[in-house]
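Colleague: Have a look at the structure that comes next, please.
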Ligand code: NOJ
């Protein structure tokens, strides 16, 4: 005890001195880094091999977010300095408890507390896929900032987010946690989320470390089956999956999580090409890599390691810095070093990366700096958080149909028949991967009753079995009402990790109910509540209006009412294609040109029995107003990086203010390799008053025109391109452009 006090006493003045120097002479970033290096080097000199390995170990606490693991006497391990991080500890009281244990260790190296803060913390935000539908990067950043604020105030240092995996297959329930099917848009969202979580300064007690996951290609499991193998060429990876990871790293993400799946036949967690060659060497990633939950131990199940010892060896060699939950590093790494099978330099590099993040958070200066009860009380579930959640939720909804302008509801609507148990379930509103305080979530039922209209509520169907209940009463209510609002969908827990489904259609009973309600002649609005694209052909045909609300979190009810009554004009667009039929899955807009392009004749890329077209294409979403687009024109570039500019004028021709997401798609007309029929390469969300017009100009640089080769070179080939500008991936006008030969093919390393 005396010994540890002495060491701590030695650490503190150094850190305190550095804080003084920073404020007094405004140290340059370089000087700060040098100071950090000196501090960490000096600390590492004092560490035993076991203490070093301890920093690479992360253990779960009270509850698990994966299979149960044996943690042994983890309190003792923490007090001995053999644990670097814990997951799933939350709240100032709890984190303080464990940090105090860590302060009993010889060198008093603080613990790092990580948690899946995925869509808000106690104040729940829309599921990430829903939030991505906003196409509003400022709103997305605001959501992450709020989640960081609340969780940091609750003692958490690190979120395992954002998940940036591109997903094309709606059977894979985890698409709910990402930004959809497009790599260009996914990259923009990744940057916004990293900025939101980390802010400008990790030492700010209202920011947290972010984690880009799951590296790599976790969003492409074969047949959409969770945890399944991934099989793709490097070129396919680079052009369709890689950008969001890279963008997150470039935005400064402090950590990366390796994926459960294999990549090019090697499990990602021990994949040297991924973790060392691409991530650390080519991209210069300076943070640390954590495994997914037990994924180092699972290398044995992949049959790529005989036992935990071999897994440890492969992990450290590949560049895996921290192991989540499994016992490979803690059990074997020190022995492997002592036996000369692993160089201590590899361990040192991993330790340094982890200590650096602890240093940046200011934990060496004060291990308890995130443990303020007063701050926790003031920030968590604050009015500011709820205002942020409402703002983001309103922007996340997508209007899919509005026949006869049923929406927005007019002041003449005095009686609403609200049908569907989902509209009344706070638990479902908060959805999967939620940390939200359900007692403070506003359901649609609650919000509507406060709206000053008569609400005739009926469950409509059994939430667990989907069986239609009380049909007679429901129909009676509907006949009495001015409008029927029917909440249908999949349950909040149905999408997320381990939620792959072979059938993503909305229950037949729910759809029959919509048909029965619509047959009454009462205008019928369907609210589609889901965490992924679903198939609901009967319901969407029967309904007059369809609003996709996803799962919106704590302010769901208020946000939905604001859109129903037109206080907010919906502006979301689909970040994933909605299939018409299961047989089309995976369906995505940026499919490649084939030798026999789709057409109605024989011998073409199509199905015999179902159309190629989706129910709703990527980028689709309506507004209560209308927008018109001028024909796009190509303007000259700047003679430098900007090859050309594409200009379009967008006008609000309706009588309401509204927002539009102007989308630019590009096709390479002739290339040395097969290229997609179109790729999103620019978008702008603009707000227009009635009658207002705005010029939108997109710069065309190499980033819009090039592609990656199998060896990860980025090339831009001169020749013909088509630019398409419009309201979604199917509705646009085109203009041609030729990139002249200048210095031949441009080529650069990713
Ligand atoms: C497994 C998930 O794949 C990962 O995203 C998550 O962060 C960990 N479990 C920890 O809960």
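Residue numbers (this note's numbering): 92 to 841. Even glycine gets a Cβ: it sits at the ideal position worked out from N, Cα and C. Every value quoted in this text rests on a predicted model; they were computed, and no experiment measured them.
1) Using CA coordinates, which residue listed in 342, 522 and 392 is at the minimum distance from residue 375?
2) Starting from residue 615, trace the beta strand (DSSP E) in both directions and tell me its first and last residue.
3) Could you tell me the boundaries of the beta strand (DSSP E) in which residue 302 lies?
4) May I ask you to report which of helix, strand or coil DSSP gives residue 337?
5) Is it the case that the CB of residue 177 approaches a heavy atom of the ligand NOJ more closely than 7 Å?
6) Looking at residue 251 and the ligand NOJ, is the gap between the Cβ and the nearest heavy atom below 7 Å?
7) Assuming residue 719 is part of the beta strand (DSSP E), what are its boundary residues?
8) Does the ligand NOJ have a heavy atom nearer than 7 Å to the CB of residue 207?
9) Consult DSSP for residue 756 and reduce its assignment to one of helix, strand or coil.
10) Which residue's Cα is closest to the Cα of residue 159: 415, 452 and 679?
11) Is residue 372 helix, strand or coil by DSSP?
12) Do residue 157 and the ligand NOJ come close, with the Cβ less than 7 Å from some heavy atom?
13) Taking C-alpha atoms, which residue in 621, 562, 526 and 434 lies nearest to residue 487?
14) What is the DSSP secondary structure of residue 244, counted as helix, strand or coil?
15) Starting from the C-beta of residue 131, find all residues in its chain whose C-beta is less than 8 Å away, skip the five residues before and the five after it, and write them out in chain order.
16) Using the C-alpha atoms, what's the distance from residue 654 back to residue 660?
17) Which residue from 327, 600, 583 and 320 puts its Cα closest to that of residue 551?
18) Quick one: Cα of residue 115 to Cα of residue 203, how far?
19) Please confirm whether residue 566 and residue 609 have their CB atoms less than 8 Å apart.
20) Does the pairing of the stretch 253-269 with the stretch 293-308 give three or more beta-carbon distances under 8 Å?
21) For residue 816 and residue 754, which I take to be in contact (beta-carbon distance under 8 Å), what is that distance rounded to the nearest angstrom?
22) Nearest by alpha-carbon distance to residue 757: which of 797, 729, 743 and 207 is it?
23) Report yes or no: do the stretch 233-251 and the stretch 178-186 share at least 3 C-beta pairs separated by less than 8 Å?
24) How would you write the range of the alpha helix (DSSP H) that residue 130 sits in, first residue to last?
25) Roughly how many angstroms separate the alpha carbons of residue 140 and residue 479, rounded to a whole number?
26) Would you mind sorting residue 587 into buried or exposed? The rule is 16 or more other CB atoms within 10 Å of its CB.
27) In the DSSP output, which residue or residues are listed as bridge partners for residue 149?
28) What number of angstroms, rounded off, separates the C-alpha of residue 786 from the C-alpha of residue 594?
29) Mind checking whether residue 650 and residue 618 have CB atoms under 8 Å apart?
30) Based on Cα-Cα distance, which residue from 523, 524, 509 and 522 lies nearest to residue 537?
31) At a threshold of 7 Å, does residue 212 count as lining the ligand NOJ (C-beta to nearest heavy atom)?
32) Which ranges does the beta strand (DSSP E) cover as unbroken runs of at least 3 residues, wholly within the stretch 265-332, from first to last along the chain?
33) Does the beta-carbon of residue 659, which I'm using as the reference point, lie nearer than 7 Å to any heavy atom of the ligand NOJ?
34) Quick check on the burial criterion: 16 or more other C-beta atoms within 10 angstroms. Buried or exposed for residue 44?
35) What is the DSSP secondary structure of residue 825, reduced to helix, strand or coil?
36) For residue 404, name the three-state secondary structure that DSSP assigns.
Modeller: So, from the listed chains and residues:
1) 342
2) 615-620
3) 302-306
4) helix
5) no
6) yes
7) 718-720
8) yes
9) strand
10) 415
11) helix
12) yes
13) 621
14) helix
15) 443, 446, 447 and 450
16) 6 Å
17) 600
18) Here the model assigns residue 115 a pLDDT of 44, short of 50, so the residue's position is not dependable and the matter cannot be decided.
19) no
20) yes
21) 7 Å
22) 797
23) yes
24) 120-137
25) 46 Å
26) buried
27) 176 and 415
28) 44 Å
29) no
30) 509
31) no
32) 302-306
33) no
34) Lying outside 92 to 841, the shown extent of the chain, residue 44 is not represented and no answer is given.
35) strand
36) helix
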